[in-house]
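Data first, discussion second: the structure below is written as structure tokens.
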Amino acid sequence: MSRKQILGVSTEATDSQFPEARTSKNRPMPLLGVERKERDPSKKLTASIGNALREQNERLTRAEDIERRLAEGQAVIELDTDAVEPSFVQDRMQGEIDGLISSIKEQGQQVPILVRPHPDHSDRYQVAFGHRRLRAVSELGLRIKAVVRDLTDEQLVVAQGQENNEREDLTFIEKARFAHKLNSQFSRDVVIAALSIDRSNLSKMILLIDALPPELVDAIGAAPGIGRPSWQQFAELFQKISSPKDAIDYAVCKEVQSLPSADRFKAVVAKLKPARTARGVPEVMATPDGDRLAQVSKSKSKLEIIIDRKTTPEFAAFVLEQLPRLFQEYRAEAKTKHGD
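Residue numbers (the numbering used here): 8 to 347.
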């Protein structure tokens, strides 16, 4: 699906589809912060005033053309990054953007972001998609290239979700959190359209996020490469632990936070798994000359004697041969001790 098709609206719009493109005499021009003034070509003016008016009218005409093209979704403009806010629904966690910064620094911003006029502030915009590009361009101190469209809340989140699906760069946990947030604000149909998933998978994502504290997921991060089965196992382990706070404290500790996100996930999973019964440290038996005889491991339930058959094959065969005799000696000695 191309970006032009994301909202299911053709970009080949006519003026009749956008009556606002045919401006009234005093239509506000937000790109300029002024109103369109009615021009009276019959009015006699001095040469200097006439030149000034012509310059202003040309400027207004250019702005009007830009705004008409924006209404049709056909123009890319540059905006100050300070005037652009993220979407009201966060879709991804903070992550490294050094590679993207380097790319934009060397080649420029190749793909514009999609924004809408901010619903509450006339001089600001809100991102539908392109949050990482916005961060990178802001870091570089540049102006952001953007296409401006009038979008409803539902259209914005559908565009946001379908752009992510097209790029396939959201990790599983980012997509699950995005689904959870959308589900709290929109109908299931809107969420399914935004994420291109079925109801069953959506329900699994929502249940998974409900099972994990947000601060724990934040501490782990996006965890690239970690899919749903691993996160499901993680959630099941978390439900069984006696102290959720200990798990969170471990996830946010300096040692774990120094790891890459996927390794943080693995470290916390290892912490949550029940500890295995500790086995005794193997003991090495040797001759007085230092030759190795066997390795002995002891636990509560068994004793293991390991003899290397490659280095001492005759000794290994001798011990095996002597085991029945040793057992008979043991039984005879036991009877003597007990007076049988």
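Glycine included, C-beta positions come from ideal geometry on N, C-alpha and C.
Straight-line Cα distance separating Q239 from E181: Sequence index remark: in the sequence shown, residue 181 carries index 174 (1-based). Sequence index remark: in the sequence shown, residue 239 carries index 232 (1-based). Whole-angstrom Cα-Cα distance: 14 Å.
Environment of I120 [buried if 16+ CB atoms lie within 10 Å]: Working through the sequence shown from its first residue, we reach residue 120 at position 113. Counting the other Cβ atoms within 10 Å of the Cβ of I120 gives 16 or more, which makes it buried.
Which one or two residues does DSSP pair with E85 in a beta bridge? Counted from its first residue, the sequence shown places residue 85 at position 78. Per DSSP, K152.
Could you give the DSSP three-state label for A341: helix, strand or coil? Taking the sequence shown and counting its residues from 1, the one referred to as residue 341 is at position 334. Secondary structure at A341: helix, using DSSP grouped into helix, strand and coil.
Across which residues does DSSP place L121 in a beta bridge pair? Locating residue 121 in the sequence shown gives position 114, where the first residue counts as 1. Paired residues: F136, V154.
Ends of the beta strand (DSSP E) at L310? Here residue 310 refers to the residue found at position 303 when the sequence shown is read from its first residue. Start and end: 310–313.
Contacting residues, own chain, Cβ-Cβ under 6 Å from E290 (five flanking each side not counted): For this step, residue 290 is matched to residue 283 along the sequence shown. If we look at E290 and ignore the five residues flanking it on each side, its Cβ neighbours are V303.
Using beta-carbon positions only, say whether V144 and V122 come within less than 9 Å of one another. Taking the first residue of the sequence shown as 1, we reach residue 144 at position 137. Taking the first residue of the sequence shown as 1, we reach residue 122 at position 115. No.
Identify which residue in S210, L107, I255 has its Cα closest to the Cα of P220. As a first step, residue 220 must be located in the sequence shown, where it is residue number 213. For the residues S210, L107, I255, the minimum Cα distance to P220 belongs to I255.
Please list, in chain order, all residues of the same chain as K188 whose beta carbon is under 6 Å from its beta carbon, the five residues on each side excluded. As a working note, residue 188 is residue 181 in the sequence shown. Closer than 6 Å at the Cβ level, and outside the excluded window around K188, lie V96.
May I ask you to report which of helix, strand or coil DSSP gives V275? As a position in the sequence shown, residue 275 is number 268, starting the count at 1. In the structure shown, V275 sits in a helix (DSSP, three-state: H, G or I).
Pairs of beta-carbons, one from the region 184–204 and one from the region 228–235, closer than 8 Å: are there three or more? Output reads no: the region 228–235 does not touch the region 184–204.
Just how far apart, CA to CA, sit Q116 and P281? Within the sequence shown, residue 116 is the residue found at index 109, counting from 1. Within the sequence shown, residue 281 is the residue found at index 274, counting from 1. C-alpha separation (whole angstroms): 49 Å.
Out of V275, E85, A339, I314, point me to the one whose CA is closest to I151's CA. One-based indexing of the sequence shown puts residue 151 at position 144. With distances taken between CA atoms, I151 lies nearest to E85 out of V275, E85, A339, I314.
Counting only the same chain and skipping the five closest in sequence on each side, list residues whose C-beta sits under 7 Å from that of K273. For the purposes of this step, residue 273 is taken as residue 266 along the sequence shown, with counting starting at 1. So the list is empty, once near-sequence residues are dropped.
Quick check for students: name the residue ranges of the alpha helix (DSSP H) that lie wholly in the region 158–211, counting only runs of 4 or more. If one requires a minimum length of 4 residues, the alpha helix (DSSP H) runs lying completely within the region 158–211 are 160–174, 179–190, 195–202, in chain order.
Cβ-Cβ distance between I111 and L149 below 9 Å: Taking the first residue of the sequence shown as position 1, residue 111 is located at position 104. Taking the first residue of the sequence shown as position 1, residue 149 is located at position 142. Yes, Cβ-Cβ distance for I111 and L149 is below 9 Å.
Output yes or no for whether 9 Å exceeds the beta carbon distance between L209 and A186. For the purposes of this step, residue 209 is identified with residue 202 of the sequence shown, where counting begins at 1. For the purposes of this step, residue 186 is identified with residue 179 of the sequence shown, where counting begins at 1. Their beta carbons are under 9 Å apart, which means L209 touches A186 by this criterion.
CB-CB under 6 Å to P37, same chain, minus the five flanking residues each way: which ones, in chain order? The residue you call residue 37 lines up with position 30 of the sequence shown. In this prediction, P37 has a pLDDT of 43, which is less than 50 and means its spatial position is unreliable; what the coordinates show is noted afterwards. Contacts found: none.
In the DSSP output, what is Q264 paired with across the bridge? Numbered from 1 along the sequence shown, position 257 holds the residue referred to as residue 264. In the DSSP secondary-structure assignment, Q264 is not bridged to any residue.
Nearest candidate by alpha-carbon position, reference I108, set F334, R140, V83, F325: Sequence index remark: in the sequence shown, residue 108 carries index 101 (1-based). The candidate whose alpha carbon is nearest that of I108 is R140.
Beta-carbon proximity list for D205, same chain, < 8 Å, skipping 5 on both sides: In the sequence shown, the residue the question calls residue 205 occupies position 198. The residues are I199.
In this structure, does DSSP put V96 in helix, strand or coil? If you number the sequence shown from 1, residue 96 lands on position 89. Reduced to three states, the DSSP call for V96 is coil.
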